[in-house]
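Read in order, the letters of the sequence shown are residues 1 to 226 in UniProt numbering.
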Amino acid sequence: MDVTVQPIIFTLMFAYLFGGAIAGDVQDYLPLLIPGILVQTVITTSVVTGTQLREDMDKGVFDRFRSLPIARISPLSGALLADTLRYTIATTLTFAMGYVIGYHPAGGIGSVLIAGLLVIVCSWAISWIFAFFGVIARTAGSVQGISMLILFPLTFLSNAYVPVDTMPDWLAWFANVNPISHLVTAVRELANSGVVTGDLWISLLGAAVIVAIFAPLTVRAYMRKA
Numbered sequence: 001m002d003v004t005v006q007p008i009i010f011t012l013m014f015a016y017l018f019g020g021a022i023a024g025d026v027q028d029y030l031p032l033l034i035p036g037i038l039v040q041t042v043i044t045t046s047v048v049t050g051t052q053l054r055e056d057m058d059k060g061v062f063d064r065f066r067s068l069p070i071a072r073i074s075p076l077s078g079a080l081l082a083d084t085l086r087y088t089i090a091t092t093l094t095f096a097m098g099y100v101i102g103y104h105p106a107g108g109i110g111s112v113l114i115a116g117l118l119v120i121v122c123s124w125a126i127s128w129i130f131a132f133f134g135v136i137a138r139t140a141g142s143v144q145g146i147s148m149l150i151l152f153p154l155t156f157l158s159n160a161y162v163p164v165d166t167m168p169d170w171l172a173w174f175a176n177v178n179p180i181s182h183l184v185t186a187v188r189e190l191a192n193s194g195v196v197t198g199d200l201w202i203s204l205l206g207a208a209v210i211v212a213i214f215a216p217l218t219v220r221a222y223m224r225k226a
């Protein structure tokens with residue numbers, strides 16, 4: 001549901017609810033909206049990594065894996081790798097839904113593919129954070145609660161849905177330093193203009209830092225549990 005229905009509902013809802021108020025009409029709002037919806041949808045999907053990991057560990061699925069002749073790290077790495085398929089589905093559906101209602105990226109198909117790949121890579125990196133929560137948390141509900149408490153302010157208090165220059169000064173400052181805003185801007189410039197900006201490199205650097213920190217922490221915590 002989160003990778004098939006959510007992108008469609010969010011795209012239609014935000015486009016026709018805010019398009020006229022923010023950009024004058026829906027068509028002019030889509031170049032601003034679709035990259036924002038894409039980032040918000042795929043980043044939010046990464047939460048499932050942690051919740052499903054916790055559920056599998058609670059249900060004894062990982063105990064069954066341990067009895068098989070496979071590497072002990074395989075269930076964890078397999079779950080993280082498989083989730084990239086979820087991100088790919090959400091990315092494809094968001095762009096497809098945008099195209100259906102009139103969004104035609106001026107950057108070209110090549111830039112759109114790069115933008116989608118950027119979102120998938122960054123979401124995979126962020127999923128390591130939630131995988132860590134999934135390993136150390138006591139319940140799947142607590143993982144989801146903590147994750148949403150972090151993600152909702154980051155995704156909505158950004159430039160994903162509205163121009164930063166329309167915000168109060170204090171909120172504009174937060175939106176400008178928000179890492180989600182950098183990712184949205186990178187995707188927006190790629191899809192709409194075919195331009196690679198510094199925001200792309202900032203996003204990739206941030207993803208690399210997250211993996212460098214949370215991958216070892218997650219693996220170590222998981223190996224102790226296993």
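The beta carbon of each residue, even a glycine, is placed where N, CA and C say it ideally should be.
Assigned exposure category for residue i - 16 Cβ within 10 Å defines buried
i	result
L38	buried
I9	exposed
D83	buried
L93	buried
Within 9 Å, strictly: CB atoms of residue i and residue j
i	j	result
I22	L32	yes
V209	S147	no
G134	G50	yes
A137	R54	yes
I34	Y103	yes
Q52	A71	no
Residue closest to residue i, alpha-carbon to alpha-carbon, out of the options
i	options	result
L157	V47, I180, I34 and M57	I180
residue 227	D56, T49, L204 and I89	The first residue shown for the chain is 1 and the last is 226, placing residue 227 beyond what the model contains.
V211	R64, S77, V100 and P69	S77
A215	G145, A125, I120 and G98	A125
V26	P7, Y99, F62 and G116	Y99
D28	P163, T218 and T94	P163
M1	L154, T44 and G19	T44
Residue range of the unbroken alpha helix (DSSP H) whose run includes residue i
i	result
residue 290	What is shown of the chain runs 1 to 226, which leaves residue 290 out entirely.
S123	I109 to I136
P7	V5 to A23
M57	V47 to K59
R86	S74 to V100
S181	P179 to S193
P153	A140 to F156
- the stretch 185–192 in contact with the stretch 110–119 per 3-pair CB rule at 8 Å: Taking a cut-off of 8 Å for Cβ pairs, the stretch 185–192 and the stretch 110–119 touch, as three or more such pairs fall below it.
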